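Shown next, in structure tokens, is the structure this report addresses.
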Amino acid sequence: MSKIKQDVLNALEKESYISGGQIAKDLNISRTSVWKAIESLRKNGYEIKAVTNKGYQLVQTPNKIDGTLIESIVKKHQFVDHVFYLETVDSTQTYAMQKLRELDDTFIVVASEQQKGRGRFNRSWVSPKQSGLYMSIVFKPQLPLTEIGKFNYHISLAIQRAVSRVTNVEARIKWPNDIYVGEKKLCGFLTEIISESNLIDSIICGIGINLFDSEHLKDVQTAVSLEGAGESEINIEDFFNELIRSLKEAYVDFKNNRFNEILDEWIEHANIFERELTINSYNESYRAKALSIDENGFLDVLDSDGTIRKVISADIELN
12 MSKIKQDVLN
22 ALEKESYISG
32 GQIAKDLNIS
42 RTSVWKAIES
52 LRKNGYEIKA
62 VTNKGYQLVQ
72 TPNKIDGTLI
82 ESIVKKHQFV
92 DHVFYLETVD
102 STQTYAMQKL
112 RELDDTFIVV
122 ASEQQKGRGR
132 FNRSWVSPKQ
142 SGLYMSIVFK
152 PQLPLTEIGK
162 FNYHISLAIQ
172 RAVSRVTNVE
182 ARIKWPNDIY
192 VGEKKLCGFL
202 TEIISESNLI
212 DSIICGIGIN
222 LFDSEHLKDV
232 QTAVSLEGAG
242 ESEINIEDFF
252 NELIRSLKEA
262 YVDFKNNRFN
272 EILDEWIEHA
282 NIFERELTIN
292 SYNESYRAKA
302 LSIDENGFLD
312 VLDSDGTIRK
322 VISADIELN
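Residues in the sequence shown are numbered consecutively from 12, following the numbering used here.
In structure tokens, the structure reads:
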């Protein structure tokens, strides 16, 4: 989206009514440029009313994943340095990795559709157009590599908070990086890092959230969307706004070593306790029960032999 179009949208969002002349003066552009930007926004689905002697009013934004909306919200929260929106992409995670070769800043990649979306262990993530939020965020924390184990707790809690604050859906956290509704997955995220000299240079966090039912999703018995979970009216602007706000809050907590401060809340919303689990690690699978989370973010479990183990990285099945 052009800078002028974005700036005009920002001006409309700040005021109940604002004249074209005032927008032109504030942005140091011509009235013709203002009119063209408003017409372009209208074509994108933004309802903008013109009232004599009052000016323009932004009545309604389109309830769809849209580059103008994405950029406006991300910039409003001053979340990252750059925003990239794509209608279709093979994978936002792959695109972000490629962009990292060009940029040394933080950025977010959001797509309406992924053709080869992927999750942990290179699993496929079905990503139909306008059915979910698919994004990858690049952070530059410059923290010791030992801190990375805590990152997923902050991000998963941020997503859980966003779902709970904006919808009536009861979301639960499945260790280490899934969000569930009941026994079905609503959201998953993938954390990849680039490190140097025992410092985390870049975190590339790919997030996929199912918003609406689709033909693909109906065929996946273990997945659910917000719509399928009973949220009949999903306002994409409200949800994305709260998601970005929560993610920014979570990243600040991560950077400022507030893991212990958020752990009780994370445990409260987790779905792994007081039930039997199957732990699938790289070289073995075993039954266990979750006991606690230690100060480094490792999961302490009690296996069927009565041995307490620390789980650092694994895939967990809920039994």
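We treat Cβ as the ideally placed atom computed from N, Cα and C, and that holds for glycine.
This one's a predicted model, so the numbers in the text were calculated from it and none came from an experiment.
#### Entry: C-alpha distance - ASP92 paired with LEU38, whole-angstrom precision
21 Å
#### Entry: Reduced DSSP secondary structure (H/G/I, E/B, other) of ASN330
coil
### Under the three-state DSSP convention, the category ASP335 falls into
A question about residue 335 goes unanswered here, because the residues of the chain that appear run from 12 up to 330.
### Task
Work out the CA separation of ASP77 and ASN55 for me, nearest whole Å.
8 Å
#### Entry: Straight-line Cα distance separating VAL149 from ILE215
5 Å
### Query
What are the start and end residues of each continuous alpha helix (DSSP H) run of 4 or more residues lying completely inside the stretch 231 to 315, in chain order?
247 to 266 and 270 to 279
### Query
Under three-state DSSP, which class holds LYS384?
There is simply no residue 384 to check, as the chain begins at 12 and stops at 330 in what is shown.
### Query
Anyone know if the C-beta pair for ASN294 and GLU328 falls short of 8 Å?
no
### Query
Which residue's Cα is closest to the Cα of SER27: VAL177, PRO152 and GLY66?
GLY66
### Query
Going straight from the alpha carbon of GLY217 to that of LEU144, what length do you get?
10 Å
### Task
Closer than 7 Å by C-beta to LYS195: which residues in its own chain qualify, once you throw out the five before and the five after it? Chain order, please.
THR233, ALA234 and VAL235
### Query
Is it buried or exposed for LEU237, if we count other Cβ within 10 angstroms and need 16 for buried?
buried
### Query
ALA61: buried (16+ other C-beta within 10 angstroms of its C-beta) or exposed?
exposed
### Task
Apply the 10 Å Cβ neighbour rule to GLN71 and answer buried if 16 or more other Cβ atoms are within range, or exposed otherwise.
exposed
### Task
Compare the Cα-Cα distances from GLU226 to each of ILE166, ASN282, SER142 and VAL263 and report the closest residue.
SER142
### Task
Look at the alpha carbon of HIS280 and the alpha carbon of ARG183, and state the distance between them as a whole number of angstroms.
5 Å
### Task
Assuming ILE5 contacts PHE90 (C-beta within less than 8 Å), just tell me the rounded distance between them.
Lying outside 12 to 330, the shown extent of the chain, residue 5 is not represented and no answer is given.
### Query
Which residue or residues does DSSP assign as beta-bridge partners of ASN221?
GLY143
### Task
Starting from HIS93, follow the beta strand (DSSP E) in both directions and report where the run begins and ends.
93 to 100
### Message
Below 8 Å, how does it come out for the stretch 196 to 211 and the stretch 159 to 166: are there three or more Cβ pairs, yes or no?
### Response
yes
### Query
Comparing alpha-carbon positions, which option in THR105, ILE29 and SER147 lies nearest VAL121?
SER147
### Task
Grab the span of the alpha helix (DSSP H) containing LEU38 for me, first residue to last.
31 to 38
### Query
Taking buried to mean at least 16 other C-beta atoms within 10 Å of its own C-beta, is LYS321 buried or exposed?
exposed
### Message
Judging by CA-CA distance, which residue of ASP212, VAL192 and ILE220 is the nearest neighbour of LEU201?
### Response
ILE220
### Query
Considering only C-alpha positions, which residue in the set SER167, LEU80 and LEU310 is nearest to LEU259?
Correcting the residue identity first, residue 259 is Lys in this sequence and not Leu. Residue SER167 is the option with its Cα nearest to LYS259.
### Task
In angstroms with no decimal places, state the Cα-to-Cα distance between VAL94 and ARG176.
25 Å
### Task
State buried or exposed for SER123, treating a residue as buried only when at least 16 other CB atoms are found within 10 Å of its CB.
buried
### Message
With a threshold of 8 Å, are at least 3 pairs of Cβ atoms found where one atom belongs to the stretch 79 to 88 and the other to the stretch 14 to 25?
### Response
yes
### Query
In or out: THR103 buried (at least 16 other Cβ within 10 Å) or exposed?
buried
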